[in-house]
Structure formats: C-alpha cells, structure tokens
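Chemist:
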Amino acid sequence: MRILLLGGTSEARALAARLHPQVDVLSSLAGRVPDPALPVGEVRIGGFGGVDGFRRWLRENPVDAVVDATHPFASTMTATAARVCAELGVAHLVLARPAWPHGDAIVVASDTEAAKTVAERGFQRVFLTTGRSGAAAFADVDAWFLIRAVTPPEEQELPTRHTILLSRGPYRYEDELALLREHHIDALVTKNSGGAMTRGKIDAAADLGVAVVMVDRPPLPAGVTTVGSVDEAVKWVNGRS
Ligand code: NAP
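Residue numbers for the sequence shown follow our numbering, so the first one is 2 and each next one is one higher.
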C-alpha cells in the first residue's frame, strides 16, 4: 500500500513514523522553511502546481490513498487535495488536530479582522504569532508588535513599531510566560492552530490576564472524511490495506 502524506506538521511526522515501513509512505512538504524537520521515509518537497498540477501529479504517481495532515490553516492545499481526490476517486482522509477551546478569547474570522480588533480595543503591546504572511494585515495599526515567525516576514508592509523574533516551536509554558512579562504584552494574537506544541502562550496569556485575539479556523471542505488524532489516522490507513 502506498500513500501520499501531505505534511508540514508534527502530526504528519508522527503518522509517517507509525506507518513506516509497513506502509509505503511518501511525505510531501511545501518547502517554505529552510532546514525543515523531516519525517522518516520518502519525502518530496515543493508545491504541485495548483489543482491542475496536483491532478497531473496523482495521475503520474498513483497512490492508494492521500492523507492530508497539513496545518489547519493550510486551506488551499486542503481544498485542492479534497477536490482532486474526489474527482479521481482516490481515497482521502484529513487529519485535523482538535481546535483549542475559545475560552475568553475574542474570536475573529481573519487576520484583517484581528487587526481591526486590536486597533478598536486600543491594545498597545501586541504579541503577534499568526505567521510571517499574516503580519501585513497589521501594518496600519498604531501599536508595538512583537512578531514571532519561523522565517523573516516576506516583502510586505509591517507595522511601523515592531520587533521580529525568529524562532521555531515547540514553546514551553514557562518561556511563554516570561516572554509575555518581559515585553509587557497586553494582547496575544494567534490562530486557533490547536495542539500542544504552541498552546503554552494561550495558557500563559490566560494566567497573566493578557487579552487573546484568536483567528478561527477556515472550514474544512464539505463531505471530507476527517479524524482528529494520529491513532485514528493509523487505523484508517491500516483498515484499507
Ligand atoms: P496553503 O496556503 O494551503 O498552501 C499554499 C500552497 O503551498 C499550496 O497551494 C501548495 O502549492 C503548497 N503546499 C502546501 N502544503 C503542501 C504540502 N504539504 N506539500 C506540497 N505542497 C504544499 O498552505 P500554507 O498555509 O502556506 O502552509 C504551507 C505548509 O506549511 C503546509 O504544508 C502546512 O502544513 C505547513 N504549516 C502551515 C502553517 C500555517 O499556519 N499555515 C503552520 C505550520 C505549518 P501548489 O498549489 O503549487 O501545489
């Protein structure tokens, strides 16, 4: 049995490790970050070229199933895989880690809405963790931003007053607590990524009374088969062999 595992997450790496070598797993990474954490087994790196490219790739490289374990905010890849697999009749599963509970967070639908919320509420010292491409939405907001990203923000306008902190998770609760205190943060802006690896900031913000502005997840494509854990994904794959 051969599967294409769309990755870029710790869950995808864990799934590859659980399936390899009994299942022939080809992991796919977008190639966004230099020196990515690599899963065990075979790996390909780079986009497929949109819907047409993915359709062509699947025809030329047949697999028994596609498991989409991309990040919950990787909605373009997820939409492409769902559409093309349905069209070609290829078995398809989405592994989507459970979302964080909203708690007292101010829930918004997009980076733009998050920026509007920060401006309207008058937050002044903002910890921005929505990723390198999300920072542009905050360019016109009059506040100071601590922008944390894995790689430097792309060519884009950034808020006038900011500091960039390049780092890669996982992040420990104690370190997040110290960071929020050190920079006198009054608001945390985060995606609802879910998972334990980056949850520390949410718990630290809650414990310090720091406001949380949480960008909600994009919806999954209609009708896709979804599981919430690596265990369930292993069962789904093994059930097909
Ligand atoms: P996206 O917006 O859904 O995808 C943009 C394009 O990147 C896709 O159209 C596809 O290019 C390519 N791509 C995405 N995932 C791919 C994969 N696993 N293998 C091959 N090509 C892929 O995704 P994104 O939000 O930019 O995320 C890119 C990657 O980073 C994903 O693999 C995701 O799991 C990982 N990641 C994302 C986040 C996040 O917050 N978005 C956080 C952590 C990790 P083509 O159209 O050319 O095929």
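Even for Gly, the Cβ is constructed at its ideal location relative to N, Cα and C.
Just checking my contact of Leu6 with Val26 at CB under 8 Å: how many whole Å lie between their CB atoms?
Modeler: On the sequence shown, residue 6 is found 5 positions in, with the first residue counted as 1. On the sequence shown, residue 26 is found 25 positions in, with the first residue counted as 1. Contact holds; Cβ gap of about 5 Å.
Chemist: Using CA atoms only, rank isn't needed, just tell me which of Thr161, Glu155, Thr81, Val151 is closest to Val127.
Modeler: Residue mapping note: residue 127 aligns to position 126 of the sequence shown, counting from 1. Of the listed residues, the one whose Cα sits closest to Val127 is Thr161.
Chemist: Beta-carbon within less than 6 Å of Ala97's beta-carbon, same chain only, minus the 5 sequence neighbours each way: which residues are those?
Modeler: The residue labelled residue 97 in the question sits at position 96 within the sequence shown. Pro73, Thr227, listed in sequence order.
Chemist: Where Arg200 and Arg149 are concerned, what is the direct C-alpha to C-alpha distance, given to the nearest angstrom?
Modeler: In the sequence shown, residue 200 corresponds to position 199, counting from 1. In the sequence shown, residue 149 corresponds to position 148, counting from 1. So the alpha carbons of these two residues sit roughly 14 Å apart.
Chemist: So does Gly48 have its beta carbon nearer than 8 Å to some heavy atom of the ligand NAP?
Modeler: Counted from its first residue, the sequence shown places residue 48 at position 47. Within the cutoff, so yes.
Chemist: Which term fits Leu20, buried or exposed, when burial requires 16 or more other beta carbons within 10 angstroms of its beta carbon?
Modeler: Walking along the sequence shown from the start, residue 20 turns up at place 19. Result: buried.
Chemist: Count the other C-beta atoms from every protein chain shown that fall within 10 angstroms of the C-beta of Asp187, then say buried if there are 16 or more, exposed otherwise.
Modeler: As a position in the sequence shown, residue 187 is number 186, starting the count at 1. Looking at its Cβ environment, which holds 16 or more other Cβ atoms inside 10 Å, Asp187 is buried.
Chemist: Comparing the CB of Phe74 with every heavy atom of the ligand NAP, is any distance shorter than 8 Å?
Modeler: One-based indexing of the sequence shown puts residue 74 at position 73. Yes, the Cβ of Phe74 comes within 8 Å of a heavy atom of the ligand NAP.
Chemist: So what's Arg169 in DSSP terms, helix, strand or just coil?
Modeler: Taking the sequence shown and counting its residues from 1, one reaches residue 169 at position 168. In this structure, Arg169 counts as coil in the three-state DSSP scheme.
Chemist: Express the C-alpha separation of Pro22 and Gly54 in angstroms, rounding to a whole number.
Modeler: Numbered from 1 along the sequence shown, position 53 holds the residue referred to as residue 54. Numbered from 1 along the sequence shown, position 21 holds the residue referred to as residue 22. Taking the straight line joining both Cα atoms gives about 28 Å.
Chemist: Secondary structure at Val95, three-state DSSP: helix, strand or coil?
Modeler: Locating residue 95 in the sequence shown gives position 94, where the first residue counts as 1. Residue state, collapsed to three classes: strand.
Chemist: What is the rounded straight-line gap between the Cα of Trp58 and the Cα of Phe49?
Modeler: Working through the sequence shown from its first residue, we reach residue 58 at position 57. Working through the sequence shown from its first residue, we reach residue 49 at position 48. Roughly 7 Å separates the two Cα atoms.
Chemist: State yes or no: is the C-beta of Ala223 nearer than 8 Å to some heavy atom of the ligand NAP?
Modeler: Position 222 of the sequence shown, counted from the first residue, corresponds to residue 223. Ala223: no, Cβ never under 8 Å from the ligand NAP.
Chemist: DSSP three-state call for Arg14: helix, strand or coil?
Modeler: Along the sequence shown, one-based indexing puts residue 14 at 13. Helix, per DSSP.
Chemist: By how many angstroms is the C-alpha of Ile165 removed from the C-alpha of Leu180?
Modeler: Here residue 180 corresponds to residue number 179 of the sequence shown, with the count starting at 1. Here residue 165 corresponds to residue number 164 of the sequence shown, with the count starting at 1. In a straight line, the C-alpha of Leu180 is about 13 Å away from that of Ile165.
Chemist: Checking the sheet assignment: what are the DSSP bridge partners for His163?
Modeler: If you number the sequence shown from 1, residue 163 lands on position 162. Paired residue(s): Phe146.
Chemist: Which same chain residues end up closer than 7 Å to Val244 when comparing Cβ atoms and leaving out the 5 residues on each side of it in sequence?
Modeler: Examination of residue 244 is not possible in this model, given that the chain is present from 2 through 242 alone.
Chemist: Evaluate the contact criterion for the stretch 187-197 versus the stretch 122-139: three or more CB pairs, one atom per stretch, below 8 Å.
Modeler: Yes, since at least three Cβ pairs between the stretch 187-197 and the stretch 122-139 fall closer than 8 Å, the two stretches touch.
Chemist: For Met78, which three-state DSSP category applies?
Modeler: Counting from 1 along the sequence shown, the entry for residue 78 is found at position 77. Three-state result, Met78: helix.
Chemist: How long is the line joining the alpha carbons of Leu167 and Glu177, rounded to whole angstroms?
Modeler: By 1-based counting over the sequence shown, the position of residue 167 is 166. By 1-based counting over the sequence shown, the position of residue 177 is 176. So the two alpha carbons sit approximately 14 Å from each other.
Chemist: My guess is that Val44 and Ala66 are in contact by the Cβ rule of under 8 Å, so how many angstroms apart are they, rounded?
Modeler: Numbered from 1 along the sequence shown, position 43 holds the residue referred to as residue 44. Numbered from 1 along the sequence shown, position 65 holds the residue referred to as residue 66. In fact, because the Cβ distance is near 18 Å, the residues do not count as touching under 8 Å.
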